[in-house]
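J.:
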Amino acid sequence: MGKKRVKRELAFYEANGKRLEPGLCVMLRPPSPKTPPYIARIERIECDAANRVKMWCRWYYRPEESMEGRRQFHGVKELFLSDHYDGCYPEAVESLCSVHSLKEYAYLSAVEEEDFFCRFEYNASTGVFAPERVAVYCKCEMPYNPDNLMVQCEDCKDWFHPECVNLPIHGVESMSEFICPDCS
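Using our numbering, read the sequence shown as starting at 53 and increasing by one per residue.
1. For E215 and F230, which I take to be in contact (beta-carbon distance under 8 Å), what is that distance rounded to the nearest angstrom?
2. Can I91 and C149 be called in contact, C-beta distance under 8 Å?
3. Looking at C-beta atoms only, is the number of pairs between the stretch 188–204 and the stretch 122–129 that lie closer than 8 Å three or more?
4. What is the C-beta distance between L131 and M107, in whole angstroms, given that I count them as a contact (C-beta under 8 Å)?
5. By the three-class DSSP mapping on this structure, what secondary structure does V217 have?
6. Suppose the cutoff is 7 Å on Cβ atoms and the five residues either side in sequence are ignored; what does the same chain contact list for K70 look like?
7. So which of C190, S236, C140, A162 has the shortest CA-CA distance to R93?
8. I believe C109 touches Y137 by the beta-carbon criterion, under 8 Å. Please report the beta-carbon distance rounded to the nearest angstrom.
9. Between V224, Q204, V180, which has its C-alpha nearest C232's C-alpha?
10. Under the rule that 16 or more other beta-carbon atoms within 10 Å means buried, what is S84, buried or exposed?
11. Which of the three DSSP states is assigned to A92 in this structure?
12. Could you pull out every unbroken beta strand (DSSP E) segment of at least 3 residues lying fully inside the stretch 103–127, listed in chain order?
13. Which residues share a DSSP beta bridge with E173?
14. One question on the structure: do F252 and V151 come within less than 8 Å of each other, judged by their Cβ atoms?
15. Compare the C-alpha of Y189 against each of C170, H213, E164, C99 and name the closest.
16. Using the beta-carbon count (16 or more within 10 Å), is V186 buried or exposed?
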């Protein structure tokens with residue numbers, strides 16, 4: 053009878069000067085320097101009988117990695133939390149990062165290189181997103197993209213892209229109030 057493999061779960065692990073623990077998001081070294089780092093959330097960390105450490109990670113996908121591809125409303129720093137899990141070695145971690153909700157991300161005073169946001173979960177095998185529908189804004193009826201400036205109508209409280217309501221972008225931030233064409 054073979055030996056039973058003994059694995060113990062670790063609360064944290066130090067690698068390359070970084071404290072890694074379940075729940076943290078990490079940027080992992082890609083196979084090619086031309087590829088952006090992979091991003092994952094650490095789900096658990098295990099150590100085997102030979103003291104080899106492995107992290108079990110849940111991958112985030114970039115829009116262009118999904119079956120639908122990148123769409124106009126996807127933000128530059130947008131990710132999808134997938135149902136794809138893998139074992140990864142702590143030595144592959146380049147840095148820690150933060151994956152915020154869309155609302156948290158929109159309120160960041162400064163977006164750093166390590167800041168991302170996620171509003172969808174993604175089933176990697178079927179290409180299905182959850183939620184399937186999101187709120188749309190403006191005359192163009194597009195979901196919110198935090199990379200694009202929007203203005204709110206003081207009367208109806210709807211949000212609009214300046215270019216969709218013929219406003220010059222350079223003057224929008226200095227406007228004291230905006231009334232949309234439907235309300236004026």
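We put the beta carbon where it would ideally sit given N, CA and C, even for glycine.
T.: Checking against the coordinates, here is how it stands:
1. About 14 Å separates the two Cβ atoms, so there is no contact after all.
2. yes
3. yes
4. Actually they are not in contact, since the Cβ atoms of L131 and M107 sit about 18 Å apart, beyond 8 Å.
5. helix
6. V145, L148
7. C140
8. 7 Å
9. Q204
10. exposed
11. strand
12. 105–113
13. L133, A182
14. Shown here, the chain extends from 53 to 236; a query on residue 252 therefore has no answer.
15. H213
16. exposed
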